[in-house]
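In my numbering, the protein residues as written are 1 to 71. Idealized CB from N, CA, C, for every residue including glycine.
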């Protein structure tokens, strides 16, 4: 995806959260395009992102006094 397309997706996603209507089909289309532009269609990438996210949650919760994130 081009840098220009990414910027346009980011702007559209920002607009949705400020002014969008969840019942409008355009709202769902913008969110879908933003998601597709932000995440590659790659199982390894997705698995790695989820693992890193879980570790980030573990670290954040541990900083709050030893709470553990259950997986």
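Once DSSP output is grouped into helix, strand and coil, what is the label at residue 4? Sequence index remark: in the chain shown, residue 4 carries index 4 (1-based). Reduced to three states, the DSSP call for residue 4 is helix.
Taking 8 angstroms as the cut-off, does the segment 9-21 touch the segment 31-42 (at least 3 CB pairs, one atom from each stretch)? yes
Excluding sequence positions up to five away, which residues of its chain have a Cβ less than 8 angstroms from the Cβ of residue 21? Reading the chain shown from its first residue, position 21 is the one you call residue 21. For residue 21, where only same-chain residues beyond five positions count, the Cβ hits under 8 angstroms are 27.
Given residue 72, which residues of its chain have a CB within under 6 angstroms of its CB, disregarding the five upstream and five downstream residues? Missing from the structure shown is residue 72; the chain here goes from 1 to 71 and no further.
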